[in-house]
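First up is the structure itself, then whatever we jot down about it.
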Amino acid sequence: MIAPSPDPIASPIAPSPSPSPSPTVQPSPIASLSQELQPYWQDWRKLDRLQGLQDPNQIVTRRQFARWLVSANNQLFQNRPAWQVRSASATSQPLFTDVPTTDPDFSTIQGLAEAGIIPSRLTGNNSPTFSPDGPLTRETMVLWKVPLDLRRPLPPATVETVQKAWGFLDATKIDAQTLRAIAADRENGELSNIRRVFGFTTLLQPKKPITQGEAAAALWYFGPEGQGITAKDLLSNAPSPIAPPASPAVN
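Numbered as in my numbering, the sequence shown ends at 696 without a single skipped number.
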């Protein structure tokens, strides 16, 4: 009798290796920033001189913008000490109850107020507080920035003045103390903060918070039309006046 052949022993089958997961590519924050604002953001990021400038979509606080405003102005005008904003002395009497001498940004905020850039009781504003951690609005950004562009007292303005200068349909919603800065910003033409940051618009939306991307655009240029300096000039280490774009010829 012939013994049956033993059943062959099946070789274990190794499972197919799992495919390696593809690395998740996180979109760059700048990708969500409008193309018009990207060059301003990139220049300041290359300079790496505005502490906390990291996310173009993040809302800017009043404290943060005050710090950046002084830092950007003084860096761009490093060769013009007369155009720099001085820090306040630690012995100064605080102008705002919520910005005491122990506040890390006291010298900056107090210095801007003592220079008349930020409204305080020195300029006839009776508000005792500054709200340093509140959001910076569009109208406040223009109010603080324009005096450092035009370098002179701003003339009085009314709602009608702003409507005539800009054609804003929401001019009646603008705070009365900011009307003069918004009207005066028009003097810088294509280099005005409003045009550079918001482009063409018939609505200012004065209470809308400012983002870091918009703040970078506002701080990219300082000075009167034809005499200003940009962050790009600072990158090249050769600050020079910038001329406004040439107007197209009228046939």
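Positions of the beta carbon are idealized from the N, C-alpha and C atoms, including for glycine.
Range covered by the alpha helix (DSSP H) that runs through residue i
i           : result
residue 489 : 483-492
residue 552 : 551-559
residue 605 : 604-611
residue 707 : Here the chain covers residues 446 to 696 and nothing more, so residue 707 does not appear.
residue 509 : 507-521
residue 639 : 638-643
residue 592 : 592-595
Expected contact under 8 angstroms - CB spacing of residue i and residue j to nearest Å
i           : j           : result
residue 498 : residue 490 : 7 angstroms
residue 521 : residue 619 : With a Cβ gap of about 28 angstroms, residue 521 and residue 619 do not count as contacting.
residue 629 : residue 595 : 6 angstroms
residue 608 : residue 616 : 5 angstroms
DSSP three-state assignment for residue i, whether helix, strand or coil
i           : result
residue 455 : Residue confidence for residue 455 is low, a pLDDT of 49 falling below 50, so the modelled location carries little weight; the figure read from the coordinates is stated next. Correct three-state label for residue 455: coil.
residue 678 : helix
residue 562 : coil
residue 668 : coil
residue 579 : coil
residue 585 : helix
residue 692 : Unreliable positioning characterises residue 692 in this predicted model, as indicated by a pLDDT of 49, which lies under 50. The coordinate reading is nonetheless provided below. It is coil, neither helix nor strand.
residue 699 : Residue 699 falls outside the range modelled here, since the chain spans only 446 to 696, and no answer is possible.
residue 544 : coil
residue 617 : helix
Spatially closest choice to residue i from the options, by CA coordinates
i           : options               : result
residue 506 : 679, 668, 664 and 654 : 654
residue 488 : 671, 670, 666 and 672 : 666
residue 509 : 561, 549 and 600      : 549
residue 531 : 542, 544, 551 and 543 : 551
residue 560 : 651, 625, 545 and 598 : 598
residue 659 : 678, 671 and 644      : 644
residue 578 : 511, 651, 502 and 493 : 511
residue 633 : 587, 536 and 527      : 587
Counterpart residues of residue i in DSSP-defined beta bridges
i           : result
residue 536 : Answer by DSSP bridge pairing: none, since residue 536 is not bridged.
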